[in-house]
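J.: Residue numbers (the working numbering): 34 to 463.
Pasting a structure here, questions to come.
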Ligand code: GLC
């Protein structure tokens with residue numbers, strides 16, 4: 034293991050050297066907004082990274098070494114997407130210039146671009162450069178044909194399962210949701226103390242990501258041709274299934290109704306569950322030397338309802354520049370550096386943040402370290418975006434509250450969908 038670690042550090046160092054040289058030349062052209070000889074500091078707001086901070090710090094230091102005169106202060110925001118959104122909305126409405134570079138959830142770029150909060154990056158992210166990226170994140174950073182951010186890393190919902198337990202009881206990974214519940218119930222019965230299936234059921238953005246995966250894999254949806262189509266038998270079936278997972282002695286513990294990504298990841302990572310729905314970052318943590326589930330975790334596509342296809346919600350983060358930044362050229366150079374193939378590779382190796390650049394899925398170092406990446410590429414190609422609209426966050430708030438009431442057993446799927454339909458129709462009319 035020590036050898037593996039030092040090999041990956043060597044790879045990381047050589048990657049960083051190459052990428053830093055490339056960015057050095059780019060920022061030379063951009064310099065000039067700060068008085069000669071006086072260093073400036075750009076502030077980079079991002080969500081918390083899970084894992085050893087060394088690789089992230091090294092990436093930033095490398096940018097600084099090759100861009101003398103620019104310092105970068107990285108500041109982590111709370112890990113939930115909703116709290117980060119709130120932070121940005123409050124500060125950007127007040128035209129704050131306290132931060133320069135922002136990590137943006139895939140669902141916000143249209144909203145922020147429409148509000149005039151983001152620097153237009155079309156010039157540095159030209160159509161020719163865009164071909165290297167997955168389509169989902171690319172569509173998310175474009176607003177009225179202009180680019181307002183550059184995709185940083187991509188997420189898609191995955192099913193994690195305990196390979197050892199499925200093999201012990203002679204099960205194949207489930208293809209349908211029903212198979213998942215059967216396998217989970219059977220193994221749970223024979224392994225007392227284990228939970229069957231953990232996922233993210235708290236009232237927040239992650240719950241919408243989870244719910245959409247059931248709805249889409251039952252043939253349902255939120256919008257069709259810009260109209261709300263929530264109140265459908267397909268969505269009812271999906272929500273009924275989710276409710277039954279938690280209520281009525283289902284295979285998910287009640288604690289999922291308050292769980293976000295990390296608590297559910299820790300339960301499964303502690304060896305206490307058969308199945309987990311989560312984003313790809315979790316795999317790297319399961320494979321740490323001290324992890325109780327190291328070598329025992331399989332990854333596959335999420336199940337579906339019979340007759341329909343699996344659906345993974347597209348997630349991921351993009352880097353944009355605050356339109357009120359005093360150092361927008363330097364901030365743009367940093368965005369280009371952080372989204373370069375080399376930086377994305379370093380982040381993938383260290384934290385399992387999956388590149389938004391397709392070409393990296395053929396990279397031999399990455400494939401050697403994370404063999405499942407080859408399969409993830411297909412999942413990312415087909416991941417489904419949440420509605421790409423400046424109204425998304427408002428729509429999501431309605432869904433979060435209605436779906437949360439369903440999984441908590443406080444509302445029937447029929448009532449929740451009828452009410453969500455009405456509220457989303459009202460939002461769309463505004
Ligand atoms: C992950 C995804 C993001 C999503 C969030 C929900 O961070 O990348 O797109 O909104 O989870 O919790």
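Beta carbons: idealized from backbone N, C-alpha and C, even for Gly.
For the alpha helix (DSSP H) containing residue 74, name the first residue and the last one.
T.: Within the chain shown, residue 74 is the residue found at index 41, counting from 1. Premise fails: residue 74 lies in the beta strand (DSSP E), 73 to 80, not in any alpha helix (DSSP H).
J.: Looking only at its own chain, which residues have a Cβ that is under 7 Å from the Cβ of residue 390, when we skip the five neighbours before and after it?
T.: Residue 390 sits at position 357 when you count from the first residue of the chain shown. Around residue 390: 165, 166, 374, 377.
J.: Shortest alpha-carbon distance to residue 351 belongs to which of 431, 361, 183?
T.: Numbered from 1 along the chain shown, position 318 holds the residue referred to as residue 351. Of the candidates 431, 361, 183, the one whose C-alpha sits nearest the C-alpha of residue 351 is 183.
J.: In whole angstroms, what is the alpha-carbon distance linking residue 26 and residue 92?
T.: Past the edges of the chain, shown from 34 to 463, lies residue 26, and the structure says nothing about it.
J.: Between residue 212 and the rest of its own chain, which residues show a CB-CB distance below 7 Å, the 5 nearest in sequence each way excluded?
T.: Counted from its first residue, the chain shown places residue 212 at position 179. Correct list, in chain order: 336.
J.: Return the CA-CA distance between residue 88 and residue 366, expressed in angstroms with no decimal places.
T.: Translated into positions along the chain shown, residue 88 becomes position 55. Translated into positions along the chain shown, residue 366 becomes position 333. Roughly 20 Å separates the two Cα atoms.
J.: So which of 265, 247, 152 has the shortest CA-CA distance to residue 343?
T.: Translated into the one-based positions of the chain shown, residue 343 becomes position 310. Nearest neighbour of residue 343 by Cα position, chosen from 265, 247, 152, turns out to be 247.
J.: Since residue 243 sits in a beta bridge, which residues does DSSP pair it with?
T.: Along the chain shown, one-based indexing puts residue 243 at 210. None; residue 243 has no bridge partner.
J.: Could you please give the first and the last residue of the uninterrupted beta strand (DSSP E) stretch that includes residue 183?
T.: Numbered from 1 along the chain shown, position 150 holds the residue referred to as residue 183. First-last of the beta strand (DSSP E) with residue 183: 183 to 189.
J.: Is it buried or exposed, residue 225, if we count other Cβ atoms within 10 angstroms and call 16 or more buried?
T.: Translated into the one-based positions of the chain shown, residue 225 becomes position 192. Result: exposed.
J.: Pull up the distance between the alpha-carbon of residue 312 and that of residue 74, whole angstroms please.
T.: As a position in the chain shown, residue 312 is number 279, starting the count at 1. As a position in the chain shown, residue 74 is number 41, starting the count at 1. C-alpha separation (whole angstroms): 32 Å.
J.: Around the Cβ of residue 222, are there at least 16 other Cβ atoms within 10 angstroms (buried) or fewer (exposed)?
T.: Sequence index remark: in the chain shown, residue 222 carries index 189 (1-based). Exposed, because fewer than 16 other Cβ atoms sit within 10 Å of the Cβ of residue 222.
J.: Suppose the cutoff is 6 Å on Cβ atoms and the five residues either side in sequence are ignored; what does the same chain contact list for residue 306 look like?
T.: Numbered from its first residue, the chain shown carries residue 306 at position 273. Only 228, 231, 300 meet the Cβ criterion.
J.: Let me know if residue 138 comes out buried or exposed under the rule of 16 or more other beta-carbons within 10 Å of its beta-carbon.
T.: For this step, residue 138 is matched to residue 105 along the chain shown. Its Cβ being crowded by 16 or more others within 10 Å, residue 138 is buried.
J.: Using beta-carbon positions only, say whether residue 289 and residue 195 come within less than 8 Å of one another.
T.: Taking the chain shown and counting its residues from 1, one reaches residue 289 at position 256. Taking the chain shown and counting its residues from 1, one reaches residue 195 at position 162. It is not a contact, given that the beta carbons lie outside the stated cut-off.
J.: Using a 10 Å radius around the Cβ and a threshold of 16 neighbouring Cβ atoms, would you call residue 123 buried or exposed?
T.: Position 90 of the chain shown, counted from the start, is the residue given in the question as residue 123. By the neighbour-count definition (other C-beta atoms within 10 Å, threshold 16), residue 123 is an exposed residue.
J.: In its own chain, which residues sit with a C-beta less than 8 Å from the C-beta of residue 147, not counting the 5 before and 5 after it?
T.: Translated into the one-based positions of the chain shown, residue 147 becomes position 114. Cβ neighbours of residue 147 beyond the five flanking positions: 176, 423.
J.: Would you report the Cα separation of residue 157 and residue 220, rounded to the nearest angstrom?
T.: Here residue 157 is taken as the residue at index 124 of the chain shown, counted from 1. Here residue 220 is taken as the residue at index 187 of the chain shown, counted from 1. If you take the alpha carbons of residue 157 and residue 220, they lie about 53 Å apart.
J.: Would you list the one or two residues that DSSP bridges to residue 333?
T.: Here residue 333 corresponds to residue number 300 of the chain shown, with the count starting at 1. Answer is 192, bridged to residue 333.
J.: Assuming residue 272 contacts residue 449 (C-beta within less than 8 Å), just tell me the rounded distance between them.
T.: Taking the chain shown and counting its residues from 1, the one referred to as residue 272 is at position 239. Taking the chain shown and counting its residues from 1, the one referred to as residue 449 is at position 416. Taking a contact as a CB-CB distance under 8 Å, the pair residue 272 and residue 449 counts as one, their CB atoms being some 7 Å apart.
J.: Alpha carbons only, please: which of 455, 416, 171 is nearest the one belonging to residue 250?
T.: Start at 1 with the first residue of the chain shown, and residue 250 comes out as number 217. Answer by Cα proximity: 416.
J.: Looking at the strands, I want to know which residues DSSP matches up with residue 339.
T.: Here residue 339 corresponds to residue number 306 of the chain shown, with the count starting at 1. Residue 339 is not bridged to any residue.
J.: Within 10 angstroms of its Cβ, does residue 62 collect 16 or more other Cβ (buried), or is it exposed?
T.: Numbered from its first residue, the chain shown carries residue 62 at position 29. Note on residue 62: pLDDT 36, under 50, position unreliable in the model; the coordinate value appears next. By the 10 Å Cβ count, residue 62 comes out exposed.
J.: Who are residue 138's beta bridge partners in DSSP?
T.: In the chain shown, residue 138 corresponds to position 105, counting from 1. BP columns for residue 138 point to 350.
J.: Distance, Cα to Cα, residue 438 vs residue 254?
T.: Here the question's residue 438 lines up with position 405 in the chain shown. Here the question's residue 254 lines up with position 221 in the chain shown. Going by the C-alpha atoms only, they are around 19 Å apart.
J.: Could you compute how far the alpha carbon of residue 364 sits from the alpha carbon of residue 372?
T.: Looking up residue 364 in the chain shown gives position 331. Looking up residue 372 in the chain shown gives position 339. Rounded to the nearest angstrom, the two C-alpha atoms are 12 Å apart.
J.: Please state whether the Cβ-Cβ distance between residue 108 and residue 261 is less than 8 Å.
T.: One-based indexing of the chain shown puts residue 108 at position 75. One-based indexing of the chain shown puts residue 261 at position 228. No. Outside cutoff.
J.: Taking a contact to mean a Cβ-Cβ separation below 8 Å, would you say residue 189 touches residue 413 in this structure?
T.: The sequence position of residue 189 within the chain shown is 156, counting from 1. The sequence position of residue 413 within the chain shown is 380, counting from 1. Yes. Within cutoff.
J.: Measuring alpha carbon to alpha carbon, tell me which residue in 78, 161, 106, 238 is nearest residue 433.
T.: In the chain shown, residue 433 corresponds to position 400, counting from 1. Of the listed residues, the one whose Cα sits closest to residue 433 is 238.
J.: From residue 204 to residue 218, what distance separates their C-alpha atoms?
T.: Here the question's residue 204 lines up with position 171 in the chain shown. Here the question's residue 218 lines up with position 185 in the chain shown. In a straight line, the C-alpha of residue 204 is about 12 Å away from that of residue 218.
J.: Helix, strand or coil for residue 66? Go by DSSP, reduced to three states.
T.: Position 33 of the chain shown holds residue 66. The predicted model places residue 66 with a pLDDT of 48, which falls under 50 and marks its position as unreliable, so this point remains unresolved.
J.: In the DSSP assignment, find the unbroken beta strand (DSSP E) run with residue 453 in it and report its ends.
T.: The residue given as residue 453 occupies position 420 in the chain shown. Per DSSP, residue 453 belongs to no beta strand (DSSP E); it is in the alpha helix (DSSP H), 446 to 462.
J.: Start and end of the beta strand (DSSP E) containing residue 311?
T.: Locating residue 311 in the chain shown gives position 278, counting from the first residue. Its beta strand (DSSP E) spans residues 306 to 311.
J.: Apart from the five residues on each side of it in sequence, which residues of its chain come closer than 6 Å, Cβ to Cβ, to residue 472?
T.: For the chain, the structure presents residues 34 to 463; residue 472 sits outside this window and is missing.
J.: Helix, strand or coil for residue 209, going by three-state DSSP, please let me know.
T.: Position 176 of the chain shown, counting from 1, holds the residue named residue 209. Of the three classes helix, strand and coil, the one that applies to residue 209 here is strand, per DSSP.
J.: Count the other CB atoms within 10 Å of the CB of residue 317; is the residue buried (16 or more) or exposed (fewer)?
T.: Walking along the chain shown from the start, residue 317 turns up at place 284. Residue 317 comes out buried.
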